[in-house]
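A short write-up of the structure that comes next.
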């Protein structure tokens, strides 16, 4: 029982980070029908920029409280990633808006390589230690189940951001414009919506969320590295597909489900398969679930529209 | 009849001193010995260290004016840079064989040694690696491949026994990263644990790009182990120990040489304690039979300290020369059997090879984390 609760908690922490990243994939897909493969690298840039800021500040102004340092890292990393997201859209994708769909897709893969290589040149190949500014010491709310303030912080921040994004999209003027552009950006343009502006805003918001996800990821695992964005990026993309790509609540649900499935997969696959499979199949287990969901619900868990744009 | 050789002009100059003494009887032959290792790139320090060790051995041997096959032998080092790259290693190996070397000290990294071994095998030239620990190297069934350092399997074995016999562990969990290195080490460890009477209560897997180990560690924690072993590299074992601490998993932590690094100390931060152990193939310089003397000699010759493997590279060179002496021939085909049957005392310990070319009773040193660094605890043979 304790193990079950502990695995649920592990899954929720990993899942809420996946969900934050998945939102970026799904927002861009919803509006442009583009899978922005460079999104995972924004997570990495966010973490490394925050790391750089924290290291700089802690040596320039010794004695700053940890929370201030972390906040400073975020305050620098989020706008930096927002600017980066905007630049990628402006330089990489906008000119290809009316090109065949493969062109922006290949561009996205190219941008991903470019960002990774640039990060490697700037920050080197070595693994960096990301300071754990929020306490990671275990607390035991229930016997046998441990949770650290860092984990609680991760879940709370992720859920707050997701709630905020839902409000923005469903209640604000910008949100309404985004939904209209998602329906059809040409018609939205005819209705007086600045489609380019809305698309840029989408990239900016998604990149900001990715930067925060990067900081949360790096703080949880105390690690930052030029290639750290690849795996969470891929997982988040999977989560977005699982939840129904293009659908915001779907990305959140998909992220959480993927995190939980991975955690339970690693924990229980051996029992479930009577010792035939073991934890080296944990990733396969996650993809098996994805496959099964897509067979029965081709548009994902919460997705409604399928292939309505050609 | 051999004396007339001495009147060849260039030889006169360099042998003037010995001429004056009037002791030179035999003719002098030059025997080339190759050294291959990374002299550029991130592993360059290891390659340079190996080269220095080999050069020192050759200078020591030359000072003795060895007589082999009736001739005075003058050894000459031919050093090549393999950049720790498998493809460059084969090119370099070819170049060395073309240069007519009679034996090779190297290569330094396993990735380079494994492909290069094939070229030396085909050319019939013995190679002795001072530092490649991959079991695969001596599993290729080559007659010309030797190594003077314990391999990963021997390391896993020694650690497994250590966990059960010295740490008194009964419940042991084993995790590996599914790479050739990690899996090989972990399997050898698990087998040794079982052989020594310990119980493997968990066998979990991750990969060499993973950062999140919470799920498998939660499962491991449920099995209540007193030792957790990880077969893999420092980039994973660092975060892994942090997450163990975070989950309140207080078992002792053991890992192989992949985690016995400064990088591991950096990555793991305050998750390390005196109950974190790691191993390195080989033996600390202070504990080597000829360690103190070697340190002084090395320092005098190069003005710098030994990096890690110089004593091993010295011994590898000495093993080649010793086998030539025993066989009374510098021809690889003649001295290879003598190398196989070698029984000599080196700087690092006894030099004798088993059937596959691995060193017999290669030393493994266990370290624990103490005073901010890896402190040697005990050397296992």
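Residue numbers (this note's numbering), protein chains in the order written: chain X, 19 to 328; chain Z, 348 to 728.
C-beta: ideal position from N, C-alpha, C; glycine also.
For residue 180 of chain X, the closest alpha carbon among the candidates X:297, X:312, X:84 and X:270 is that of X:270. Below the 8 Å Cβ cutoff, chain Z contributes no neighbours of residue 237 of chain X, its closest Cβ being approximately 12 Å away. Using a Cβ distance threshold of 9 Å, residue 66 of chain X and residue 151 of chain X do not count as a contacting pair. Taking residue 25 of chain X as reference, the option from X:309, X:310, X:274 and X:192 with the minimal CA-CA separation is X:274. For the pair residue 101 of chain X and residue 651 of chain Z, the Cα-to-Cα distance works out to about 49 Å. In the DSSP annotation of this structure, residue 45 of chain X is not part of any beta strand (DSSP E); the continuous alpha helix (DSSP H) holding it starts and ends at 20 to 50. Assignment of residue 421 of chain Z by DSSP, reduced to helix, strand and coil, places it in the strand class. Contact of residue 563 of chain Z with chain X is assigned, a C-beta pair being separated by under 9 Å. With a minimum length of 3 residues, the unbroken runs of beta strand (DSSP E) contained wholly in the region 448 to 472 of chain Z fall at 450 to 453. Between residue 427 of chain Z and chain X, the shortest Cβ-Cβ separation is not below 9 Å. For residue 525 of chain Z, the closest Cβ of chain X is nearer than 9 Å. Between residue 33 of chain X and residue 278 of chain X, the beta carbon gap of about 6 Å places them in contact (Cβ cut-off 8 Å). Taking a beta-carbon distance threshold of 9 Å, residue 241 of chain X counts as an interface residue toward chain Z. The C-beta of residue 63 of chain X has 16 or more other C-beta atoms within 10 Å across all chains shown, which makes the residue buried. Assignment of residue 149 of chain X by DSSP, reduced to helix, strand and coil, places it in the coil class. DSSP places residue 582 of chain Z in the helix class (H, G or I) of the three-state scheme. Beyond the five residues adjoining it in sequence on each side, residue 543 of chain Z comes within less than 7 Å, by CB distance, of 507, 508, 511 and 512 in the same chain, given in chain order. When the five nearest sequence neighbours on each side are left out, the beta carbons in the same chain lying within less than 8 Å of the beta carbon of residue 691 of chain Z are those of 665, 666, 669, 697, 698 and 699, in order along the chain. With a beta-carbon spacing of about 47 Å, residue 550 of chain Z and residue 449 of chain Z fall beyond the 8 Å limit used to define contacts. Annotation: Cβ neighbours of residue 593 of chain Z in chain X (cutoff 7 Å, chain order): 154, 156 and 166. Of all residues in the region 578 to 603 of chain Z, the ones placed with a Cβ closer than 7 Å to any Cβ belonging to chain X are 582, 586, 589, 593, 594 and 595, in chain order.
Apart from the 5 residues on each side of it in sequence, residue 635 of chain Z sits with its Cβ closer than 8 Å to the Cβ of 641, 658, 694, 695 and 696 in its chain, given in chain order. Between residue 705 of chain Z and the set Z:488, Z:539 and Z:605, the nearest pair of CA atoms involves Z:488. Residues of chain X whose Cβ lies closer than 7 Å to the Cβ of residue 552 of chain Z are, in chain order, 296, 297 and 298.
Taking a cut-off of 8 Å for Cβ pairs, the region 207 to 227 of chain X and the region 163 to 172 of chain X do not touch, as fewer than three such pairs fall below it.
Just so you know, the alpha carbons of residue 647 of chain Z and residue 416 of chain Z end up roughly 32 Å apart. Here residue 154 of chain X carries a coil assignment [DSSP, helix/strand/coil].
A distance of 9 Å or more separates the beta carbons of residue 601 of chain Z and residue 611 of chain Z. The straight-line gap separating the alpha-carbon atoms of residue 418 of chain Z and residue 709 of chain Z is approximately 34 Å. Checking the DSSP bridge columns, you'll see residue 549 of chain Z partnered with Z:520. Out of X:262, X:281, X:283 and X:266, the CA that lies nearest to the CA of residue 313 of chain X is found in X:262. Nearest CB-CB separation between residue 28 of chain X and chain Z: below the 9 Å threshold. Cβ contact annotation for residue 321 of chain X (same chain, cutoff 8 Å, sequence separation greater than five): 261, 262, 263, 264, 265, 268 and 315, in chain order. Pairing residue 497 of chain Z with residue 628 of chain Z, the inter-Cα distance amounts to about 6 Å.
Annotated as proximal: residue 106 of chain X and residue 221 of chain X, with beta-carbon spacing under 9 Å. By the 16-neighbour rule on beta-carbons within 10 angstroms, residue 469 of chain Z is exposed.
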